[in-house]
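> What the sequence shown shows, in full-length UniProt numbering, is residues 1 to 464, in sequence order.
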Amino acid sequence: MTVKTRFAPSPTGYLHIGGVRTALFSWAFAKKHQGRFLLRIEDTDLERSTAESVNIILDGMKWVGLDYANADDVVYQTRRFDRYREVIAQLLADGLAYHCYCSKEELEAMREQAEKDGTATYDRRWRPEPGKTLPPVPEGVTPVVRFKTPTDGVTRWHDLVKGDIAIPNEALDDLIIARADGTPTYNFCVVVDDFDMGITHIIRGDDHVNNTPKQINILKAIGAELPEYAHLPMILNEQGKKISKRSGDTVAVTDYGAMGILPEAMLNYLARLGWAHGDDEFFTMRQFIEWFDLKDVSPSPSRMDLKKLYWINGEHIKAMPDAELAGHVRPRLEMRGIADSTRPPLEDVLALVKGRAQDLNTLADECLYFYAKQTPAEADTAKHWDDGAAARMLRFAECLESVNDWNPAAIHDLFAPFCEAEGIKMGKLGMPLRLAVAGTAKTPSVDEVLALIGKEEVLRRIRS
Ligand code: GLU
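Printed below as a string of structure tokens:
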């Protein structure tokens, strides 16, 4: 059996990080078992689904790098209405579904009664049974189609995350599978899709646990082999509440990209929300696939921890090859007005500064002074730029002028003799030198910084 999983987002907003974690686990599970991971857009809710949201989902999936096997053939529910109608007709023909002519008022009365009795809502008035007389068909009413849910027995499954779950069928309604206008309903479409797509493992958020027994019963009715189910617990915000824009949480996965999070760090972080492999925090997706097992997914909700996300991001920044990292930083430098980040080569700059930032925006800021001298902060000037600093820097520029082989060691060799000749400590050379050349007191080793910026430019900056 080839493992087949799917991610089935509804395009009603952005690609939520909870959704990405669901997609990640489905993806990893498929990869781990040499299976296929598919994408399906659940766009039957025509009022809430938008083409823009579809693009946001596709862009988000691309950004995180979760590749799906049906990239050329993503399943859109809105393109499958004929197929849904066909299955509905078949269920009707097989006596597994039936027409129901109840009015709104009747249904409302049933709902009130059911609330009192604690039973399923619909009293199955139109459900054909042997020996039962159905009410006369009212005139001018287009019926809905209801599914004949078994009235006795228990629907059970072994959830790969939550363990055994059993729901008595009497608690389930004969759910509507086609509305009066003929459009199929949500749970029905999901079932037909999962069946047609040959999904073997349904990995999704645990907000769908209630849908599962309904879907299992329909799957059985259409003669499908039942898939395995794994329901993933929620991701909560740092306060332990539901993640929401209104609470000021960052929700959309691509917004984390704008915050300077690397896609691989985002996935690494999300993998650890609700899943663990010993104490491992920092890993690649290749390692994750190797380690991933649904039995290690926790059934209880996990909490966002932004500090940890940034820490993991910092680790990925450090581990990334400099040339690849440059691809992420270059556009950010351009946004900061640096049109040419080739002199000095951005890769070399990153090799020097990449340990100093946990996000790409801060990292881009750390690169700025290699390309343009920054305006020193007043506090730094007050602290490090003493009365004699300007003249001292000009004298040091003379020493620098004499360096022929411009490299960190050669520059470093100038420091001790200069300080001795001037009768100063290194701080009185190093800090003003940083301000004169970089325009900031916070740089890595000053000899390395000067070496990278280049002799001509260093002298120009000091002398100006
Ligand atoms: N469309 C559903 C959602 O976005 C997922 C349904 C499923 O995975 O079965 O929550």
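Where a beta carbon is used, it is the ideal one built from N, C-alpha and C, also for glycine. Given the structure is predicted, the values throughout are model-derived calculations rather than measurements.
Using DSSP with H/G/I as helix, E/B as strand and the rest coil, what is Ser247?
Here the question's residue 247 lines up with position 247 in the sequence shown. Ser247 falls in the helix class under three-state DSSP.
> What three-state label does DSSP hand Arg146 in the structure shown?
As a first step, residue 146 is located in the sequence shown; it is residue number 146 there, counting from the start. Strand.
> Please report the straight-line C-alpha distance between Gly131 and Arg125, rounded to a whole angstrom.
What you label residue 131 is simply residue 131 of the sequence shown in a count that begins at 1. What you label residue 125 is simply residue 125 of the sequence shown in a count that begins at 1. Cα to Cα, Gly131 sits roughly 13 Å from Arg125.
> Taking all protein chains shown into account, decide if Gln215 is buried (16 or more other Cβ within 10 angstroms of its Cβ) or exposed.
For this step, residue 215 is matched to residue 215 along the sequence shown. With 16 or more Cβ atoms within 10 Å of its Cβ, Gln215 is classed as buried.
> Assign His201 to one of two classes, buried (16 or more other C-beta atoms within 10 Å of its C-beta) or exposed (fewer than that).
Within the sequence shown, numbered from 1, the residue matching residue 201 stands at position 201. It counts as buried.
> Counting only the same chain and skipping the five closest in sequence on each side, list residues whose C-beta sits under 8 Å from that of Lys373.
Here the question's residue 373 lines up with position 373 in the sequence shown. The answer, listed in chain order, is Val437, Ala438, Gly439, Arg461.
> Can you tell me the Cα-Cα spacing of Ala180 and Lys62, whole angstroms?
Taking the first residue of the sequence shown as position 1, residue 180 is located at position 180. Taking the first residue of the sequence shown as position 1, residue 62 is located at position 62. If I take the Cα positions, the gap works out to 38 Å.
> Apart from the five residues on each side of it in sequence, which residues of its chain come closer than 6 Å, Cβ to Cβ, to Phe292?
Residue numbering aside, residue 292 sits at position 292 when the sequence shown is read from its first letter. The residues are Ala28, Lys32.
> Considering only DSSP beta bridges, list what Tyr76 is partnered with.
For the purposes of this step, residue 76 is taken as the residue at position 76 of the sequence shown. Answer is Ile41, bridged to Tyr76.
> Tell me the DSSP bridge mates of Phe7?
Counting from one through the sequence shown, the residue named residue 7 turns up at place 7. According to DSSP, which records beta bridges pairwise, Phe7 is partnered with Leu39.
> Does DSSP put Glu448 in a helix, in a strand, or in coil?
In the sequence shown, counting from the first residue as 1, residue 448 sits at position 448. Note: Glu448 maps to helix in three-state DSSP.
> For ligand 1, is there any heavy atom lying closer than 6 Å to the beta carbon of Glu112?
By 1-based counting over the sequence shown, the position of residue 112 is 112. Flag unset: Cβ of Glu112 not near ligand 1.
> Any heavy atom of ligand 1 within a distance shorter than 6 Å of the CB on Val251?
As a position in the sequence shown, residue 251 is number 251, starting the count at 1. Answer for Val251: no, Cβ out of range of ligand 1.
> For Ile203, which residues does DSSP report across the bridge?
On the sequence shown, position 203 is the one that residue 203 refers to. The partner list for Ile203 (beta bridge, DSSP) reads Ala230.
> Kindly identify the DSSP beta-bridge partner or partners of Ile167.
Mapped onto the sequence shown, residue 167 falls at position 167. Answer by DSSP bridge pairing, in chain order: Thr155.
> Say whether the region 52 to 71 touches the region 79 to 91, bearing in mind that this needs 3 or more beta-carbon pairs closer than 8 Å, one atom from each stretch.
Contact between the region 52 to 71 and the region 79 to 91 is absent, because fewer than three Cβ pairs lie under 8 Å.
> With DSSP as the reference, please indicate the residues paired to Arg303 in a beta bridge.
Here residue 303 corresponds to residue number 303 of the sequence shown, with the count starting at 1. Note: Arg303 sits in a beta bridge opposite Leu236.
> On the DSSP bridge list, what partners appear for Pro408?
Reading the sequence shown from its first residue, position 408 is the one you call residue 408. None; Pro408 has no bridge partner.
> Does the distance from the CB of Asn361 to the CB of Ile312 come in under 7 Å?
Along the sequence shown, one-based indexing puts residue 361 at 361. Along the sequence shown, one-based indexing puts residue 312 at 312. Not in contact: Asn361 and Ile312 (Cβ atoms no closer than 7 Å).
> Considering Cα atoms alone, identify which of Arg286, Ser103, Gly163 is closest to Pro233.
Start at 1 with the first residue of the sequence shown, and residue 233 comes out as number 233. The shortest C-alpha separation from Pro233 is found at Gly163.
> Using three-state DSSP, classify Lys104 as helix, strand or coil.
Taking the first residue of the sequence shown as position 1, residue 104 is located at position 104. Reduced to three states, the DSSP call for Lys104 is helix.
> Name the two residues that bound the continuous alpha helix (DSSP H) containing Ala221.
Locating residue 221 in the sequence shown gives position 221, counting from the first residue. Where Ala221 is concerned, the enclosing alpha helix (DSSP H) stretches over 211 to 221.
> Rounded to a whole number of angstroms, what is the C-alpha to C-alpha distance between Thr121 and Ala265?
Sequence index remark: in the sequence shown, residue 121 carries index 121 (1-based). Sequence index remark: in the sequence shown, residue 265 carries index 265 (1-based). Straight-line Cα distance between these residues: approximately 47 Å.
> Just to confirm the assignment: which complete alpha helix (DSSP H) runs, minimum length 4, are found wholly within the region 356 to 421?
If we require 4 residues or more, the alpha helix (DSSP H) runs fully inside the region 356 to 421 come out as 360 to 371, 378 to 384, 389 to 401.
> Taking 6 Å as the cut-off, is the CB of Arg204 close to at least one heavy atom of ligand 1?
Position 204 of the sequence shown, counted from the start, is the residue given in the question as residue 204. Flag set: Cβ of Arg204 near ligand 1.
> Verify whether the separation of the beta carbon atoms of Asp447 and Ile424 is less than 7 Å.
Here residue 447 corresponds to residue number 447 of the sequence shown, with the count starting at 1. Here residue 424 corresponds to residue number 424 of the sequence shown, with the count starting at 1. No.
> Please return the same chain residues whose Cβ sits closer than 7 Å to the Cβ of Pro138, not counting the five positions on each side in sequence.
Counted from its first residue, the sequence shown places residue 138 at position 138. Same-chain partners within the cutoff: Tyr101.
> If Ile218 sits next to Phe147, beta carbons under 8 Å apart, how far is it from one beta carbon to the other, in whole angstroms?
For this step, residue 218 is matched to residue 218 along the sequence shown. For this step, residue 147 is matched to residue 147 along the sequence shown. At roughly 6 Å, the Cβ-Cβ gap stays under 8 Å, so Ile218 and Phe147 are in contact.
> Just to confirm the assignment, what range does the alpha helix (DSSP H) spanning Ala23 have?
As a first step, residue 23 is located in the sequence shown; it is residue number 23 there, counting from the start. From DSSP, the alpha helix (DSSP H) with Ala23 extends over 17 to 32.
> Determine the extent of the alpha helix (DSSP H) in which Ile57 is found, giving its start and end residues.
Position 57 of the sequence shown holds residue 57. Taken as a continuous stretch (DSSP letters only), the alpha helix (DSSP H) holding Ile57 covers 51 to 64.
> One question on the structure: do Ile261 and Val251 come within less than 7 Å of each other, judged by their Cβ atoms?
Mapped onto the sequence shown, residue 261 falls at position 261. Mapped onto the sequence shown, residue 251 falls at position 251. In this structure, Val251 does not lie closer than 7 Å to Ile261 by Cβ.
> Whose C-beta lies closer than 7 Å to the C-beta of Phe282 among residues of the same chain, with five residues either side of it excluded?
As a working note, residue 282 is residue 282 in the sequence shown. Excluding residues within five positions, the ones whose Cβ falls inside 7 Å are Asn268, Ile312, Glu315.
> Which residue's Cα is closest to the Cα of Gly355: Thr443, Ala409, Ser53, Gly274?
Indexing the sequence shown from 1 puts residue 355 at position 355. Comparing Cα positions, the closest option is Thr443.
> Can Arg21 and Ala30 be called in contact, C-beta distance under 7 Å?
Counting from 1 along the sequence shown, the entry for residue 21 is found at position 21. Counting from 1 along the sequence shown, the entry for residue 30 is found at position 30. Cβ distance not < 7 Å, so Arg21 and Ala30 don't count as in contact.
> Under 7 Å, do Leu24 and Ala69 count as touching if we go by C-beta distance?
As a working note, residue 24 is residue 24 in the sequence shown. As a working note, residue 69 is residue 69 in the sequence shown. No, the Cβ-Cβ distance between Leu24 and Ala69 is not below 7 Å.
> Going by alpha carbons, who is nearest to Leu172 out of Tyr186, Pro184, Trp157, Thr151?
Position 172 of the sequence shown, counting from 1, holds the residue named residue 172. When only C-alpha atoms are compared, the closest one is Thr151.
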